[in-house]
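J.: A single structure is presented below for examination.
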Amino acid sequence: MNTEYEQAESTSQITRGYLICIVATVLWSSTAIFIAYLTKTYQLPPLVLAFWRDLFLAITLGLVVAVFTPKWLRVDFRDLKFLFLYGFMLSLFNSLWTISVALNGAAVSTVLVYYSPAITAVLGWRLFGERLGGVKIAAIVLSILGCVLVSGAYNPATWQLNALGIITGLLSGFGFAGYSLMGKASSKRGINPWTVMVYTFGVAAIFILGYNFFYAWLPPGIASMNLFWLGNQWVGWLVLLILAVGPTVGGYGLYTVSLTYLPASVANLIATLEPAMTAVLAFLFLGEMLTIPQLVGSGLIIGGVVLLRVGESRS
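Residue numbers (my numbering): 2 to 316.
Now the structure itself:
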């Protein structure tokens, strides 16, 4: 009887873990939808949007942590420089990805950023001496081919019409890879994940504020010194606040909770559903549709990510 009860309890916990992780992935996948809505409906410059998103998140999460677990706000002096660099890397990624969403659409930008695990594998090999076996090489090749198809880089006409979109989309993958590597280093340092979020998003907001000062040197519509672009359009401000608190904090929080019920390898595989979920949401709410080459490229990129995850779990 005890064995049957334990098996039933284990099954229940695994099911709960799957549900929590799926909800987290759905929340994450909605991030690009909110960004696309704000940039299209209100013509909100991407870097202004990125600034408020990071600032709202840092303030909201900082207040929650200060009320419930204030000890998490205390950081060793030796970690401050690291968190500063981590926040700078986050500012680059958030800026590039927000611009990519504005120029490429929610679905394409999300798929493009998902080739970052392949970049991370290469950087991990070069920087940390990690093994680069046949599985990782195959995943890298799939990701590169997928990026070419999704971005339309194979078509010269696409470069003429949307060169900035292609470049920022590809660079956002490098930004996310750098951010992921910083996350690995943070884990090795033993810094609490919520502490990392408060500090890095706060630092990122400061850097992105600075990027807006260079609006005159950037392509039109990318940045602005008019930080209160939305004015009295309270629906826009509400959507911006929901973007910061919901998809980011909620997604990250639920994903962390799911790890108490599921192995990390399983949770990682579930998270690879994000591009597909974003594509569905983009079709339902924004009317975006992927072309046949983009669908094939998306499959190649996601296949490469799954290949990496399976390889990691086996090793």
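Beta carbons: idealized from backbone N, C-alpha and C, even for Gly. These numbers come from a predicted model, not from an experiment.
Note down, one range per segment and in chain order, each alpha helix (DSSP H) of at least 4 residues found wholly within the segment 17-48.
T.: The alpha helix (DSSP H) runs lying completely inside the segment 17-48 and spanning 4 residues or more are 32-42, given in chain order.
J.: Return helix, strand or coil for residue 111, following the three-state DSSP convention.
T.: Within the sequence shown, numbered from 1, the residue matching residue 111 stands at position 110. DSSP places residue 111 in helix when its eight states are reduced to three.
J.: CB residue 262 to CB residue 14, shorter than 9 Å?
T.: Reading the sequence shown from its first residue, position 261 is the one you call residue 262. Reading the sequence shown from its first residue, position 13 is the one you call residue 14. Their beta carbons are under 9 Å apart, which means residue 262 touches residue 14 by this criterion.
J.: Does residue 54 pass the burial test, meaning 16 or more other C-beta atoms within 10 Å, or should it be called exposed?
T.: Sequence index remark: in the sequence shown, residue 54 carries index 53 (1-based). Buried: at least 16 other Cβ atoms inside 10 Å.
J.: Going straight from the alpha carbon of residue 282 to that of residue 60, what length do you get?
T.: Here the question's residue 282 lines up with position 281 in the sequence shown. Here the question's residue 60 lines up with position 59 in the sequence shown. Cα to Cα, residue 282 sits roughly 28 Å from residue 60.
J.: Identify whether residue 2 lies in helix, strand or coil by the three-state DSSP scheme.
T.: For this step, residue 2 is matched to residue 1 along the sequence shown. With a pLDDT of 49 at residue 2, under the threshold of 50, the predicted position of this residue should be treated as unreliable, and no value is reported.
J.: Please list, in chain order, all residues of the same chain as residue 139 whose beta carbon is under 7 Å from its beta carbon, the five residues on each side excluded.
T.: Residue mapping note: residue 139 aligns to position 138 of the sequence shown, counting from 1. Cβ neighbours of residue 139 beyond the five flanking positions: 308.
J.: Could you check which residue in 182, 156 and 89 has the C-alpha nearest to that of residue 127?
T.: Stepping through the sequence shown from its first residue, residue 127 is reached at position 126. Answer by Cα proximity: 182.
J.: Starting from residue 98, follow the alpha helix (DSSP H) in both directions and report where the run begins and ends.
T.: Within the sequence shown, numbered from 1, the residue matching residue 98 stands at position 97. Start and end: 78-105.
J.: For residue 308, which of helix, strand or coil comes out of DSSP?
T.: For the purposes of this step, residue 308 is identified with residue 307 of the sequence shown, where counting begins at 1. Helix at residue 308.
J.: Would residue 102 pass as a contact of residue 33 if the rule is Cβ separation under 9 Å?
T.: Position 101 of the sequence shown holds residue 102. Position 32 of the sequence shown holds residue 33. Contact flag set, yes.
J.: Please confirm whether residue 1 and residue 274 have their CB atoms less than 9 Å apart.
T.: The requested residue 1 does not occur in the structure, where the chain is confined to residues 2 to 316.
J.: Between the segment 35-44 and the segment 159-169, can you find at least three pairs of beta-carbon atoms closer than 8 Å?
T.: no
J.: Spatial neighbours of residue 23 within its chain, please: CB distance less than 8 Å, with the 5 preceding and 5 following residues excluded, ordered by chain position.
T.: Stepping through the sequence shown from its first residue, residue 23 is reached at position 22. Closer than 8 Å at Cβ, skipping near neighbours: 271 and 274.
J.: Comparing C-alpha positions only, which one of 79, 248 and 95 sits nearest to residue 191?
T.: Counted from its first residue, the sequence shown places residue 191 at position 190. That would be 79, whose Cα lies nearest to the Cα of residue 191.
J.: Using 8 Å as the cut-off, can you tell me whether the segment 85-98 makes contact with the segment 199-206, which would need three or more C-beta pairs spanning the two stretches below that distance?
T.: yes
J.: Output the distance between the C-alpha atoms of residue 244 and residue 131, rounded to the nearest integer angstrom.
T.: On the sequence shown, position 243 is the one that residue 244 refers to. On the sequence shown, position 130 is the one that residue 131 refers to. Their Cα atoms are separated by approximately 36 Å.
J.: Mind checking which residues open and close the alpha helix (DSSP H) that includes residue 75?
T.: Position 74 of the sequence shown, counted from the first residue, corresponds to residue 75. Segment: none, residue 75 is in no alpha helix (DSSP H) and carries neither H nor E.
J.: Between the Cα of residue 83 and those of 118, 99, 124 and 180, spot the shortest distance and give me the residue it belongs to.
T.: Start at 1 with the first residue of the sequence shown, and residue 83 comes out as number 82. Ranking 118, 99, 124 and 180 by Cα distance to residue 83 puts 180 first.
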